[in-house]
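The structure under discussion appears below in the form of structure tokens.
Number of protein chains: 2
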Amino acid sequence: MTNREQLHEELRRLAEAEDAAGFAARARGVHPSDVSDVLAGLDEDVRLRLLRRLPPEIISEALAEMEEEEHPEELLAALGPERAADILEELEDDDAADLVAELPPEAVARILSGVDEEDRADIERLLEYDEESAGGRMTSSMVAVPASATAAEAIAEIRRQAEEMEDFYQVYCFDERHRLVGVLPLQRLVVAKPQTLVREIMDPPPVTATPEMDQEEVARLMARYNVPAIAVVDPQRKLLGRITFDDVIDVVEAETTEDLLRFGGIPGEEQLAGDWRQAIRSRLPWLYVNLLTAFLAGAVVYFFQGTIAQIVALAVWMPIIAGMGGNAGTQALAVTARRLALGMIPVGQGLKLVGKELLVGLVNGFAIGVVVVVVATLMGHTWLLGAVVMLAMWGNQIVATVAGAAIPLGLDRIGVDPAVASSVFVTTLTDICGFVLLLGLGTILLLP
Amino acid sequence: MTNREQLHEELRRLAEAEDAAGFAARARGVHPSDVSDVLAGLDEDVRLRLLRRLPPEIISEALAEMEEEEHPEELLAALGPERAADILEELEDDDAADLVAELPPEAVARILSGVDEEDRADIERLLEYDEESAGGRMTSSMVAVPASATAAEAIAEIRRQAEEMEDFYQVYCFDERHRLVGVLPLQRLVVAKPQTLVREIMDPPPVTATPEMDQEEVARLMARYNVPAIAVVDPQRKLLGRITFDDVIDVVEAETTEDLLRFGGIPGEEQLAGDWRQAIRSRLPWLYVNLLTAFLAGAVVYFFQGTIAQIVALAVWMPIIAGMGGNAGTQALAVTARRLALGMIPVGQGLKLVGKELLVGLVNGFAIGVVVVVVATLMGHTWLLGAVVMLAMWGNQIVATVAGAAIPLGLDRIGVDPAVASSVFVTTLTDICGFVLLLGLGTILLLP
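Read top to bottom, the protein sequences are chains A and B. Going by my numbering, the first residue of the first sequence is number -5, and it counts up by one from there. Going by my numbering, the first residue of the second sequence is number -5, and it counts up by one from there.
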């Protein structure tokens, strides 16, 4: 057992023995995310009884660290509005806002009525922003000083403001009209002489965010400029809040999950740890959409039933040609969709990219077509049937790579998230084209 | 045009006018990642002439910020060993090591021979670690003080060590045997009284990494514990280096790309911005693997040719049943693979997860099967053919969801990265099972 597993085991035992005092004492030296894991693993009743007896400062951070899927807001609500308010007061405003954001408005109002006025105003302001925007992610707790202050004055201000603040790495500097004009790394303040002016040692802010900016965009800026925090400013460049790197890592992880699930054919929200009912709700609608497109491919085969009845060997090649088209299309799609997501396709370069995929399809299609002809010959097919199979495979590979690039680019152009629907469009197209090529050429060239 | 586009335009014009002095002056106030973008967009000759004339401190950061795919190491090598050495000396050791890591060993040796001894030793040490490990990602530049020092002594030490250091947010504290015993956030040092002992205001390190640890694991720890940097220690807990959040954001992005491409059927390395030759090299081998599995599915159809010849309508249902199985399997696979990647599946929970997917397949398969029967009836199929189609669809949906969970779990258990091969295994299985169910049931129940 690792140290962490031992620690979890120990906390679990204290919880199950209903030793709230012992649990609190042990939890105090421990990272809140570990406490959070232990809480998430407890039986509901045990957990509720424990939470009723633990001091608010231990519950607060543990709930803030809990995964969304564990529904920490429901645990909070279950403790009653007064205790919930005590817990919120222990948190940074952004964590507090995130924690209650999923609750119904009446419940939020009931809890917030017990929070002291200043904190309540901060939390309410944050709740107004879209949860996935910079405004929804930012905290308004930060240290700001006038650029005209001295280093000594800045340190005094930090002492005054920083008492109850989470980790911070920079001091924001504003001018006489309260506009953000600089960022002062703490390391520079530490070594500055007391009389030095903040203005002389601050940097211009390398980048700022607006409250409406999408959280993914904020994450990209932060990665690009390697900054531990980004200031959020209004149109007059007045400081509204800051977003720190740890929020951004969470965002990147959540967005990755979303992209991967969409690519896998789950465009709605599916909680990874959700139960089977939740999985059915999120997946069945999309399966019905897929069924519609599958009927389209089936209709093509239906149209050519006469040909298949005469040359049954074509039925053997149907899944091979359609399937290989799907594979090649998905490859092109994965590369193109990822480039789009990373903002790696400059305006006007779309056509060049489709051209690249055309070349890839030409070459790969030929390389696979040659193998297919050899196999067809070994199976004793006529050379004409071999030629039909080869041409259908080659043509479908070209359609696949071109569509794999063109479809996400087109969807992106008209403002649709290319991750959602691209995959089903591409494989439907390769199914249909594969069947039309194989059965169409077969009808023209092979029927007597 | 945004401010950034204007800036890029301006720098590009200076570069193309071969005004190196003007470019250098303008670039000085600008973030290196912007300079890097402009350099990446220039013609090769223009860029080389410019790089020959720019001061090393401007080139160094711009090359360090450049995407791997732009091959900054080749630009560095093209400048000759002496100039390359000057440029490396301007960089943090980890950035310098990353920059030369892709060059052939002789070229690295030639360049490093011009780097001063201390820097060279640091870079050479970092080059020994696997590039994707914590050792390969860490920098050895950091500030460390004895835990027994006072705040004033710590500040003096920072003044001494921090001169040429990138941003840092914490001071590491060691005991008399040089073991890491604490982490001191700068914010606390700023407000500490000069005589306060470091020991009294430091925190125990919430988490540390070993040099062999995989970079993804480091990223997860950092996200989990919300720390801007993680110390890398040896088995005696001696401090070797630190990894900062900005490296981790890059790691998460790169791993996301890798996961998505693998899921899309590109298990090798494909550079997103690579040309068509590179795309063919990375994709064709996997298409050949897929072709092999497609032949397996084709072989099933081959075996049942006699049945198809008598009941051609079965050929119409083949792509529908196989395709829907592939879709359901990919959904289950996406959820399971992502849970595995996030370490969200506790030991011993695998079977429970397969059980959940079995339920999903049962319900969704039935829901789709009902629609399929209705369509079959509308097409004028006999009720027995309708039943065959329904049963094949239902059965294949169950196989799909179970395989979509079981295959990645199984691969993970035997130590194979589930992202690589899962997708082809799942769709091959759903193709084969779909055909066996449809054509097998058809042979048994429908043939006279």
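From the three backbone atoms N, C-alpha and C, an ideal C-beta is built for every residue, glycine too.
Just list the beta strand (DSSP E) runs in the segment 367 to 398 of chain A, keeping only unbroken ones of 3 residues or longer that don't cross its boundaries, in chain order. none
Can you give me, in chain order, the residues of the segment 177 to 190 of chain B that have a beta carbon less than 8 Å from any beta carbon in chain A? 179, 180, 181, 183, 184 and 185
If you scan the segment 112 to 140 of chain A from start to end, which runs of the alpha helix (DSSP H) of 4 or more residues do you find wholly inside it? 128 to 131
Quick check: the Cα distance between residue 326/B and residue 395/B, rounded to an integer number of angstroms? 5 Å
Return the Cβ separation of residue 109/A and residue 79/A in integer angstroms, given the expectation that the two are a contact with Cβ distance under 8 Å. 5 Å
Would you be able to state if there are at least three C-beta pairs under 8 Å between the segment 376 to 388 of chain A and the segment 295 to 304 of chain B? no
Would residue -5/B count as contacting chain A if we go by Cβ distances under 9 Å? Residue placement at residue -5/B cannot be trusted, given a pLDDT of 49 that sits under 50; what the coordinates show is reported in the next sentence. Taking Cβ atoms only, chain A never reaches closer than 9 Å to residue -5/B, which makes this a no.
Can you give the Cα-Cα distance for residue 50/A and residue 62/A, rounded to whole angstroms? Using only the alpha carbons, I get a separation of about 20 Å.
What first and last residue would you give for the alpha helix (DSSP H) that runs through residue 192/B? 192 to 195
Looking only at its own chain, which residues have a Cβ that is under 7 Å from the Cβ of residue 246/B, when we skip the five neighbours before and after it? Shown here for residue 246/B: same chain residues with a beta carbon closer than 7 Å to its own, the five before and five after excluded, namely 213 in chain order.
Enumerate in chain order the residues of its own chain whose CB-to-CB distance from residue 435/A is below 8 Å, with the five nearest sequence positions on each side excluded. 382, 385 and 386
May I have the straight-line CA-CA distance separating residue 52/A from residue 10/A, to the nearest angstrom? 17 Å
Out of 133/A, 285/A and 374/A, point me to the one whose CA is closest to residue 90/A's CA. Nearest of 133/A, 285/A and 374/A to residue 90/A, Cα basis: 133/A.
Inter-stretch contact (C-beta, 8 Å, three-pair minimum) for the segment 1 to 15 of chain B and the segment 185 to 203 of chain A: no
Tell me the start and end of each unbroken alpha helix (DSSP H) in the segment 269 to 316 of chain A that is at least 4 residues and wholly inside, in chain order. 270 to 297 and 299 to 304
Determine the DSSP secondary structure at residue 14/B, reduced to helix, strand or coil. helix
Beta-carbon proximity list for residue 255/A, same chain, < 7 Å, skipping 5 on both sides: Leaving aside the five residues that flank residue 255/A on each side, the residues in its chain whose CB is nearer than 7 Å to its CB run, in chain order, 264.
Report the three-state DSSP secondary structure of residue 52/B (helix, strand or coil). helix
Whose Cβ in chain B lies nearer than 8 Å to the Cβ of residue 259/A? 321, 324, 325 and 328
Distance between beta carbons of residue 262/A and residue 324/B, contact taken as under 8 Å: At roughly 15 Å, the Cβ-Cβ gap does not stay under 8 Å, so residue 324/B and residue 262/A are not in contact.
Apart from the five residues just before and just after residue 393/A, which ones in its own chain have a Cβ nearer than 6 Å to its Cβ? 427
Find out if the Cβ-Cβ distance for the pair residue 295/B, residue 312/A is shorter than 9 Å. yes
Buried or exposed: which applies to residue 374/A, given that a residue is buried once 16 or more other Cβ atoms fall within 10 Å of its Cβ? exposed
What separation, rounded to the nearest whole angstrom, lies between the Cα atoms of residue 120/B and residue 234/B? 10 Å
With distances taken from CA atoms, which of 421/B, 218/B and 306/B is nearest residue 316/B? 421/B
Beta-bridge pairing of residue 166/B - partner residues as DSSP gives them: 138/B and 177/B
Taking the alpha carbon of residue 279/B as the reference point, which residue from 357/A, 332/A and 146/A has its own alpha carbon closest? Considering only alpha carbons, the answer is 357/A.
My understanding is that residue 95/A touches residue 64/A, with C-beta atoms under 8 Å, so please give their C-beta distance in whole angstroms. 15 Å between Cβ atoms; not a contact.
To the nearest angstrom, how far is the alpha carbon of residue 103/B from that of residue 122/B? 13 Å
Expressed to the nearest angstrom, what Euclidean distance is found between the alpha-carbon atoms of residue 191/A and residue 139/A? 11 Å
Would you tell me roughly how many angstroms separate the C-alpha atoms of residue 209/A and residue 231/B, rounded to the nearest one? If you take the alpha carbons of residue 209/A and residue 231/B, they lie about 37 Å apart.
Using the three-state DSSP reduction, which class does residue 204/A fall into: helix, strand or coil? coil
Using C-beta distances below 7 Å, list every residue in its chain close to residue 2/A, excluding the 5 sequence neighbours before and after it, in chain order. 28, 31 and 32
Over the uninterrupted beta strand (DSSP E) stretch that includes residue 143/B, give me the two end residues. No beta strand (DSSP E) holds residue 143/B; DSSP gives it neither H nor E.
Residue 243/A CB to nearest chain B CB: under 9 Å? yes
Under 9 Å between C-beta atoms of residue 319/A and residue 424/A: yes
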